[in-house]
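A short worksheet on the structure shown next.
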């Protein structure tokens, strides 16, 4: 019950993808693009893996008085920092300050530019389940421009050099039946900005020309429910697909046209975590409240049928949902009952329920690959509903509420360990990241647990950020960037006590 | 581009401002400050409600489309001109009345005094859908119709005294709130027409300095001397914003008697000034027969008065009713308060909660009997009745209570007889109210209390217990002695757990009206869920047709704009009241905020069945809150979310309590592994409690619960976990 409500929005945005200059990531991540070593250009870094291959050492122990390179008070935000060309980009929003995009020097923390957008606060969604915030979507960058989503604006591009706005593309305000609020993040691929918006009203995947903001294609996703997975790229079988995880389905799309190439119908009702691509395989973990029989209708009848009369009345839903309501009210009696509710908001072709999954899917398929490309599928209660998995050193590492971790063999799915505590209680909204032989796990309570990469759970340090942490940190050039609820910290080995 | 967008925004807002409706407020040219404040408050509300341009005038502008006159015929000539027949009002009567003259029409917002005018202004906002909670105003998102016609509200309070008690004891209450915090709270209370702040203090607190019998007061502390450090690993510590310990901000960094007392006096003066600024009267409540331990030199053989950490003493057998040293000590203490706070309007003298001074009860009774005709009553019959009654002070405690009460009363009557002790420096007499007269003395209160004094009555700790003993209220001579009642909105014994008693309070309130009581004061510590109760008291005080349910509906319909949501929220609060009563009936001290808070449950008795019942009821409470909140209007969302999210806290707490008990049982059975598992579960649940409060807490009381849980639950559990780990390790080695 609680996980159904407290939660979900927040799979906020982690990262994007990587800038395109220098060395490769194809071998590591299977993506046919190039990235500058050291950059962390989207939600959760290179192709949303959370893995840094930088050779520089990363600090193990750090705090606001140890190994702190710099620190800035930004205001409230839960989007992840992104780093490119020596610049770190962050965002914040408050009714007083509006929506602000910051650019700081990644090495010394000096402010390079700051662009403020005056937002009509009344235009923003009034209902957002905490800890989601308005500044929740992680920007992405190609080293020339910064691409940002903000619900009241849509997508926009800023010049990385001076923060001036280059274009904007208006998008409809997303609505969520459970009031989770917007929090999805764009990525950039070749000359396109790719953005997936799975809400409960009008789901779509779009590609815009990254230079002009012109729409290249738009693919409706009517089978989806509210979700927050960031698109990833998978190169397999000689082609690169845009891969999205959503309600019940992992799908591959042609980047040139947006057409669906394949679908693996093995996911759950609600998908908030982002899949990870390693080589030509796609790894997904998900926890969706309830068992396999708990389709959306059950949640609606439990929480939205306010008077509990077993019927859903129109005024028990927000106005934007009324057209869907009317369409589903086949007998026109002003209520949704029985079968009408089943498919009012959830596609009849995709009536999936809840549960837990840990999966490995072979990329590069065509058509319905459920029977052919699902390499392994576990039903352990290990995954978080929000925090994404980490694939590193041949193992999948996951962490969930109360700091309970598990690890599985990347190839076989065999359990390496289960139910092991990382000695930090509380919620986990951020996803784990890895670099320099270490795994960094960020708790909502502000403690970052550092683990040794290895076949056994070994805790190296417990570092205090002294603030709530929702965003996934970033790694770049031997530095760790931590966006706490109000601040940005940068840590590096030997940095001292910071500025 | 960005600059252009900014420019466009400014231009739009200018255009918007030009389209905004104009509202004109007229005050008298010599209007008192509170009426000016009323005009400012109305301006602010109108701007938010109607996106209006509001101008305050001292003369009626020509051709005003939307006109509001503030004041009464004496304070505002415009009211005199347009009011027509002005109703006969007491100084607390309020008027919200539409008018239509030849050259102007609009609404008059006024009252029988400046503060009543202020209340009337807030009443108009209420009529437009604004709802006042204890911490925030909730303004409708959608502009209501801007229409000043159709109002004819004339109301007088049924309770002339509507007091809010502050300071008192324990960090979970206002003892931890800064004066600024309280100032904001008082502003919200003024909106709900509360008219008195009762500053309740204890002798050990740092609010007064005096000397008596050659001994200078040297004890000054908060929270009975308890400290609440914030550790590196304190769950939810972000709520403390980097502080190394939980403190009342007004006392941060203060050490030692002199520093603490100086800060304390400044704090209370600020609190009192804030109340006076809002037109409220200020009363100070103290226990004149309790002292800090250094004064034992003045009253040798003094007894320790029961309190946390034994920080109080009271007269002992050696002190007779005419003991000169005792009289000097009591007088010095009372005078110190009156002189330190020279603007107080009333002094409430508390007869001790645990009367220890009973040795001279016979003599005291004889004194009273000589002075007054007490009929057939005898001390023995009173003592017997007190012993057999069904309130918390019964049995031996009841016997001692009545005896100590009589001794204290006789002593104080003698001391206060000439009235000098209660004179302010400006020569005015401070209103005297006796607090906590024993219920057995109600029938003779008119005779034994000094003339012109009032009484503040406390029957039992919880509203449920009062209702069960409501026949006692009938004994109070409320029509002859001005009588106020203590409404326990939330009890400190039930403590940190969510609780409410609105329906029970409605029952008592109706009795009080019928019996002619003067009013009430509140008693509570954690405000969390008390908005509904306060709102009920506010509305009922001016309109006895109000019920707990109708007040709830008025409040939540304005927030949710959905009857179905409002219904669910009513069910939620019914469940909360049910949970409150389950705890009250079974173990009233279940979550009393003292060091034994959690670990008192670490004993191997079976798990009581009622714990499960309470947990289930709290689950229903949570379910209905989330369900009710899911369909609310946007402007009510954040407000209800605080309630919903906070409702997870008792679930976690009860889970922790049960785990602690099961750990103790397992430990006794020698099953250390299970004990370890259960303690780990308890730690996790307490962590979650603290985390939840940190996520949504918005006041010092919420922060205090985190601090208390850290000190009295989280840390003792960690220590026990370590002991169990050692025991397990030792067991493995054997």
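Residue numbers (this note's numbering), protein chains in the order written: chain A, 80 to 578; chain B, 418 to 1151.
Positions of the beta carbon are idealized from the N, C-alpha and C atoms, including for glycine.
Sequence-ordered contacts of the region 290 to 314 of chain A with chain B are nonexistent [C-beta pairs closer than 7 angstroms].
Closest option to residue 809(B), judged by alpha-carbon separation, among 766(B), 1010(B), 856(B): 856(B). Within 10 angstroms of the beta-carbon of residue 241(A) lie fewer than 16 other beta-carbons, which makes it exposed. According to the DSSP assignment, residue 229(A) belongs to the beta strand (DSSP E) that extends over 224 to 229.
Going by beta carbons, residue 225(A) and residue 214(A) fall outside the 8 angstroms limit. A residue is called buried once 16 or more other Cβ atoms fall within 10 Å of its Cβ, and residue 434(A) is buried on that count. Within the region 374 to 406 of chain A, the residues whose Cβ lies closer than 7 angstroms to any Cβ of chain B are, in chain order, 382, 383, 385, 386, 394, 395. Distance from the Cα of residue 576(B) is smallest, within the candidate group 691(B), 686(B), 957(B), for 957(B).
Residue 123(A) and residue 677(B) have their C-alpha atoms some 51 angstroms from each other.
Sequence-distant Cβ neighbours of residue 1096(B) in its own chain, meaning closer than 8 angstroms and more than five residues away, are 1076, 1077, 1080, 1134, 1137, 1138, 1141. For the set 1087(B), 1051(B), 750(B), 864(B), the Cα lying nearest the Cα of residue 621(B) is the one of 750(B). In this model, residue 544(A) and residue 650(B) are separated by some 12 angstroms (Cα to Cα). With 16 or more other CB atoms across the displayed protein chains lying within 10 angstroms of its CB, residue 429(A) is buried. Between the alpha carbons of residue 553(A) and residue 149(A) lies a distance of about 15 angstroms. For the region 204 to 215 of chain A, the set of residues with a beta-carbon nearer than 9 angstroms to any beta-carbon of chain B comprises 204, 205, 206, 207, 208, 209, 210, in chain order.
Annotation: residue 227(A) to residue 1132(B) spans about 44 angstroms, alpha carbon to alpha carbon. Between residue 347(A) and residue 329(A), the gap from beta carbon to beta carbon reaches 8 angstroms or more.
It is roughly 6 angstroms from the alpha-carbon of residue 292(A) to the alpha-carbon of residue 246(A).
Cβ neighbours of residue 1125(B) within its own chain (closer than 6 angstroms, five residues either side excluded): 1010.
Each residue's CA atom was taken as its position, placing residue 795(B) and residue 776(B) some 16 angstroms apart. The beta carbon of residue 336(A) sits closer than 8 angstroms to the beta carbons of 296 from its chain, once the five residues preceding and following it are set aside; these are given in chain order.
Within the same chain, Cβ atoms closer than 8 angstroms to the Cβ of residue 1084(B) are found at 1021, 1092, 1141, the five residues on either side in sequence being excluded.
Below the 9 angstroms Cβ cutoff, chain B contributes 652, 1100, 1101, 1104, 1105, 1108 as neighbours of residue 504(A), in chain order.
A distance below 8 angstroms between beta-carbons, with the five flanking residues on each side excluded, links residue 500(A) to the following residues of its chain, in chain order: 481, 482, 483, 484. Residue pairing by DSSP puts residue 526(A) in a beta bridge opposite 543(A).
Those residues of the region 539 to 559 of chain A placed with their C-beta closer than 7 angstroms to a C-beta in chain B are 543, 545, 546, 547, ordered along the chain. By a beta-carbon distance limit of 8 angstroms, residue 833(B) contacts residue 867(B). Their separation comes to about 6 angstroms.
No Cβ of chain A is located within less than 8 angstroms of the beta carbon of residue 443(B).
As computed with DSSP, residue 443(B) is found in a beta bridge with 474(B), 486(B). Annotation for residue 936(B): 576, 577, 578, 579, 901 place their beta carbon closer than 6 angstroms to its own, counting only its chain and skipping 5 residues before and after.
The beta carbon of residue 1048(B) lies closer than 6 angstroms to those of 979, 982 in the same chain, with the five residues before and after it left out. Residue contact check for residue 1043(B) against chain A: a CB pair falls below 8 angstroms.
Contact annotation: residue 588(B) and residue 552(B) have beta-carbon atoms that are not nearer than 8 angstroms. Apart from the 5 residues on each side of it in sequence, residue 718(B) sits with its Cβ closer than 6 angstroms to the Cβ of 733, 735 in its chain, given in chain order. For residue 1051(B), a Cβ of chain A is located within less than 8 angstroms of the residue's own Cβ.
DSSP places residue 322(A) in the strand class (E or B) of the three-state scheme.
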